[in-house]
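Structure, as structure tokens:
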Amino acid sequence: MFSFSLNNFIFTIIFSLLIILAGHFLWNYLRDNYTTKKTKNIIHGQIEKYQKIIEQIQGQSINDEFLNEKDVQDLNNDLAAFANGL
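If you number the sequence shown the way our numbering does, the last residue is 115 and the count never jumps.
Right, here's the structure in full:
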């Protein structure tokens, strides 16, 4: 009687595992064959970002309006005085 219940218990465990594995493989099969795969093109997006950055850099002009002619002349005189003092 004990061996019958032990055999029944082992059979139930094996049968349950087989059902779980069959369900798992069926789920994977259905997922792989009947759904569309999501792909993300990372490289193309990075190239676009890089090109936008390059366009922004090339589009910027250097703005020298913060110095007027008098300030530039004063800086040149200071630099010349410093160079002569060395």
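All C-beta atoms, glycine included, are put in the ideal place defined by N, C-alpha and C.
| Query | Result |
| --- | --- |
| 7 Å Cβ cutoff, residue 42 in contact with chain C | Reference to chain C is not applicable here, since this structure consists of a single protein chain. |
| Own chain, CB closer than 7 Å to residue 96, minus 5 neighbours either side, in chain order | none |
| Distance between residue 81 and residue 74 (C-alpha atoms, nearest Å) | 11 Å |
| Separation of residue 58 from residue 40, as counted between CA atoms | 27 Å |
| Straight-line Cα distance separating residue 68 from residue 42 | 40 Å |
| Three-state class that DSSP yields for residue 85 in the structure shown | helix |
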